[in-house]
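> Provided herewith is a single structure, encoded as structure tokens, for subsequent inquiry.
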Amino acid sequence: MVVNCEQVWREVSNYLDGELEPALRLAVEEHIRGCKRCAAVIDGTRNVIQLYSDDRMLEVPFGYSQRLHRRIDESMPSTRRGFLGWMAAAAAAVLVVGSIEVTRSSLFRGSPLRSPMAQSGKGVPPDLMVVVDDDGKLFHLAGCPFIRAKDPLRTIKAAEAKREGYTPCPRCLKKYLQRA
Amino acid sequence: MPERARVLENPAEQFTEAMLIRRIVAGEHDLFYELIRPYERRIYGAAFAILRNEADAEDVAQEAVLKAFKHIRQFRAESRFSTWLIQITVNEARMRRRKAHANIMEPIADRLDDAGEYIPRDFADWREIPSETLERNEIRQKLAEALAELGQIYREVFVLRDMQHLSIEETAKALGISTASVKTRLLRARLMLRDLLAPGLGGPWSSRLSFEKGTKPW
Chain A
643 MVVNCEQVWR
653 EVSNYLDGEL
663 EPALRLAVEE
673 HIRGCKRCAA
683 VIDGTRNVIQ
693 LYSDDRMLEV
703 PFGYSQRLHR
713 RIDESMPSTR
723 RGFLGWMAAA
733 AAAVLVVGSI
743 EVTRSSLFRG
753 SPLRSPMAQS
763 GKGVPPDLMV
773 VVDDDGKLFH
783 LAGCPFIRAK
793 DPLRTIKAAE
803 AKREGYTPCP
813 RCLKKYLQRA
Chain B
26 MPERARVLEN
36 PAEQFTEAML
46 IRRIVAGEHD
56 LFYELIRPYE
66 RRIYGAAFAI
76 LRNEADAEDV
86 AQEAVLKAFK
96 HIRQFRAESR
106 FSTWLIQITV
116 NEARMRRRKA
126 HANIMEPIAD
136 RLDDAGEYIP
146 RDFADWREIP
156 SETLERNEIR
166 QKLAEALAEL
176 GQIYREVFVL
186 RDMQHLSIEE
196 TAKALGISTA
206 SVKTRLLRAR
216 LMLRDLLAPG
226 LGGPWSSRLS
236 FEKGTKPW
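Line by line, the protein sequences are chains A and B. Note that the working numbering numbers the first sequence so that position 174 is 816, with each residue one more than the last. Note that the working numbering numbers the second sequence so that position 213 is 238, with each residue one more than the last.
Structure, rendered in structure tokens:
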């Protein structure tokens with residue numbers, strides 16, 4: 643059997659896929675041994691197939707698999723969904739608490755007590771006028787030697803100072819702490 | 026071809042897959058993740074071949090997987106699960122494409138179908154480009170661009186057959202066309218890609234590659 647160039651081009655795919663009858667296959671091989679043009683077509687096509695068949699050519703967007711699983715989670719009536727649902731609920735709760743904390747901290751510039759280790763005191767008259775500094779943690783009676791004079795000072799009511807997280811000075815307001 | 030021997034083609038793996046499907050149908054829904062894991066990339070690849078848009082392809086891949094889960098009782102073991110899954114993906118992607126292109130005429134190349142023969146344009150011999158060069162983004166990009174230039178009907182067949190490694194029969198089934206059409210379109214797709222890539226593979230890309238010029242391995 644003898645084949646010409648057109649017949650070879652028609653069979654390039656079948657030849658490379660190993661789907662030719664033995665006689666036709668031999669004829670194609672015989673042809674390309676003497677035909678550089680057809681050999682180039684077959685070699686190049688084989689190379690193209692090899693390149694595209696590589697897994698690296700099948701790229702997926704970053705995070706694709708996670709998003710796919712999440713979508714399944716959302717629609718699947720299974721225990722996994724329940725578990726993940728609880729996880730999501732817990733995460734949401736953390737976020738809510740976190741956002742409240744952030745709000746509080748932005749209002750009060752810190753944790754509820756500016757010094758977590760300090761005592762909040764007991765019996766401080768709410769209307770007692772006290773002195774605080776913006777960067778400090780304590781509220782003082784006017785004239786207390788432990789007021790940091792270099793800081794900006796404010797004179798406010800004790801109740802307000804407590805709401806902002808200040809705690810009684812352990813020197814000038816010691817009596818309220820002893821009762822705590 | 027040995028390369029065509031893919032996941033779950035051996036009986037032991039098919040057994041595992043069949044077991045998984047039975048257990049999922051029986052209510053162990055969590056096993057569905059295991060079932061689809063080997064095919065996640067392929068689903069996306071099939072959708073992208075049709076839609077050529079990352080966001081749409083990902084959305085369609087998700088829809089296809091959900092649909093497969095919903096209808097898994099309808100899966101019949103005479104075909105491979107992967108083929109069934111790809112078939113669902115192709116249908117979803119085509120529906121999405123039809124909606125998006127309802128008022129747009131398809132390119133002429135897409136409507137020519139299988140009429141006439143494709144004659145190779147470039148007869149230059151080029152040095153073999155080894156797969157290692159795919160590490161280079163620019164080469165992958167060039168290959169992706171060439172693939173995008175193919176008409177829809179050729180790209181679909183080429184992606185399913187040569188990138189997703191479906192057989193001729195599976196490709197025909199997934200696309201709803203005859204095996205003869207698959208073969209014709211595949212031949213054209215391969216020859217067109219070779220012509221599209223020839224200027225780069227035979228010239229500028231090769232000259233910048235570090236591999237040795239030598240005898241081809243075939």
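Note that beta-carbon positions come from the ideal geometry of N, C-alpha and C, so glycine has one too.
Evaluate the contact criterion for the stretch 41-60 of chain B versus the stretch 693-701 of chain A: three or more CB pairs, one atom per stretch, below 8 angstroms.
Short answer: they don't touch.
> So the alpha helix (DSSP H) residue 95(B) belongs to, where does it begin and stop?
From DSSP, the alpha helix (DSSP H) with residue 95(B) extends over 79-95.
> Where do the N-terminal and C-terminal ends of the beta strand (DSSP E) with residue 775(A) fall, by residue?
Here the beta strand (DSSP E) through residue 775(A) covers 771-775.
> Near residue 656(A), which residues of its chain fall below 6 angstroms by C-beta distance, leaving aside the five closest residues on each side in sequence?
Excluding sequence neighbours, residue 656(A) sits near 662.
> Give the residues from the stretch 56-75 of chain B that approach chain A closer than 9 angstroms (Cβ to any Cβ), ordered along the chain.
Here the close residues are 57, 58, 61, 62, 65, 66, 67, 68, 69, 70, 73.
> Can you check which of these residues, 707(A), 770(A), 712(A), is closest to residue 798(A) by C-alpha distance?
Of 707(A), 770(A), 712(A), the residue nearest in Cα terms is 770(A).
> Since residue 694(A) meets chain B, which of its residues come closer than 8 angstroms, beta carbon to beta carbon?
Those within 8 angstroms of residue 694(A) in chain B are 168, 172, 183, 187, 188, 218.
> What three-state label does DSSP hand residue 110(B) in the structure shown?
Residue 110(B) falls in the helix class under three-state DSSP.
> Closer than 9 angstroms between beta carbons: that is the criterion. Which residues of the stretch 109-124 of chain B meet it against chain A?
Going along the stretch 109-124 of chain B in chain order, one finds no residue with a Cβ nearer than 9 angstroms to chain A.
> Alpha carbon to alpha carbon, how far is residue 718(A) from residue 801(A)? Give it in angstroms, no decimals.
Their backbone Cα atoms lie some 53 angstroms apart in a straight line.
> Throw me the rounded Cβ distance for the residue 700(A) and residue 188(B) pair, which I believe falls under 8 angstroms.
The pair is a contact, with the Cβ atoms about 6 angstroms apart (cut-off 8 angstroms).
> From what residue to what residue does the alpha helix (DSSP H) around residue 57(B) run?
Here the alpha helix (DSSP H) through residue 57(B) covers 56-61.
> At which residues does the beta strand (DSSP E) containing residue 799(A) begin and terminate?
Per DSSP, residue 799(A) belongs to the beta strand (DSSP E) from 795-799.
> Mind checking if residue 178(B) is an interface residue toward chain A, Cβ cutoff 8 angstroms exclusive?
No, residue 178(B) lies away from the interface with chain A (no Cβ there is under 8 angstroms from its Cβ).
> Between the beta-carbon of residue 774(A) and the beta-carbon of residue 784(A), is there less than 8 angstroms?
No, the pair does not count as a contact, with Cβ atoms beyond the cut-off.
> In chain B, which residues lie less than 8 angstroms from residue 818(A) when you measure between Cβ atoms?
Here the premise fails: no neighbours, minimum Cβ distance about 59 angstroms.
> Can you tell me which residues form a DSSP beta bridge with residue 768(A)?
Residue 768(A) is not bridged to any residue.
> From the DSSP secondary-structure annotation, give me the bridge partner or partners of residue 810(A).
Beta-bridge pairing links residue 810(A) to 781(A).
> Just the C-alpha distance for residue 155(B) and residue 223(B), rounded to the nearest angstrom, thanks.
Distance between the alpha carbons of residue 155(B) and residue 223(B) is about 15 angstroms.
> Using a Cβ-Cβ distance under 8 angstroms, would residue 199(B) count as near chain A?
Chain A, which has no Cβ nearer than 8 angstroms to the Cβ of residue 199(B), makes this no.
> My guess is that residue 185(B) and residue 196(B) are in contact by the Cβ rule of under 8 angstroms, so how many angstroms apart are they, rounded?
The Cβ separation is near 5 angstroms, so the contact holds.
> Using the beta-carbon count (16 or more within 10 Å), is residue 583(A) buried or exposed?
With chain A covering only 643 through 822, there is no way to say anything about residue 583(A).
> Strictly below 8 angstroms CB to CB, what residues from chain A border residue 142(B)?
Under the 8 angstroms cutoff, chain A gives 648, 651, 652.
> Can a CB atom of chain A be found closer than 8 angstroms to the CB of residue 85(B)?
No - not a single Cβ of chain A is within 8 angstroms of the one on residue 85(B).
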